[in-house]
Amino acid sequence: MPRLRTCLILPLRDDRVLLGHKLRGFGAGKITGIGGKVEPGESLVRAAVRELEEEAGLSADPADADLAAYLDFRFPHRPEWDMVSHVFVVRRWTGQVRGCDEIRPEWFPVQAPPFSQMWDENRVWLPHVLRGERVHLAATYGADNDHLTAVNLQVVQEVDATM
Ligand SMILES: CNc1ncnc2c1ncn2[C@@H]1O[C@H](COP(=O)(O)OP(=O)(O)OP(=O)(O)O)[C@@H](O)[C@H]1O
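Just remember that the numbering used here sits 1351 ahead of the position in the sequence shown, which is counted from 1.
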């Protein structure tokens, strides 16, 4: 089964990162990055800036979005949740932050993301991305579909946009 292709986009300003409280859908109740599914025929970066507009009300030029991570999530006990996600960082945009019925955005200090309320593997990759590194990550979740049983992180020069 082809895995679900998703994206995340992390606006960064003044040592803060914009994340959001997921109100419904996948991961409801958690704090996560702004993002969602990549539509058929849509490029990764177009999907990321579209989600930024839809979920947080911010407009960004795709040229200002830097590809920072490739994440591969496996749920052997819930294979329909398997997904890949490309993560972009953006430092320039226009507009004012506003939420939607799916997510309530909130700024967090880059030194202290709310890891206890996020998907477990965020504590592994997010600190690297927030200090400007690029990473590939593969994470496997256990029988509770909530805690990691395996994780592999590689710091890379260039993130593979084709995977
Ligand atoms: C397992 N560990 C994880 N760690 C960090 N981020 C994770 C994640 N798992 C999913 N994500 C992100 O969550 C969004 C799901 O979004 P999405 O597919 O849109 O879900 P949702 O059910 O709300 O979709 P629709 O509103 O129906 O399109 C999408 O950005 C995706 O990258």
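For glycine and all other residues, C-beta sits at the position ideal for the given N, C-alpha and C.
Quantities reported herein were computed from a predicted structural model and do not represent experimental measurements.
Item: Can you check which of these residues, 1490, 1489, 1437, 1509, is closest to residue 1389 by C-alpha distance?; Value: 1437
Item: How many Å lie between residue 1375 and residue 1400 at the Cα?; Value: 20 angstroms
Item: Using a C-beta cutoff of 8 angstroms, does residue 1378 count as contacting chain C?; Value: Of the chains in the structure shown, none is chain C; there is only one protein chain.
Item: Taking C-alpha atoms, which residue in 1458, 1421, 1500 lies nearest to residue 1514?; Value: 1421
Item: Relative to ligand 1, is the shortest distance from any of its heavy atoms to the C-beta of residue 1503 smaller than 7 angstroms?; Value: no
Item: Can you have a look at residue 1424 and say buried or exposed, based on whether 16 or more other CB atoms are within 10 angstroms of its CB?; Value: buried
Item: Roughly how many angstroms lie between the CA atoms of residue 1409 and residue 1472, to the nearest whole one?; Value: 26 angstroms
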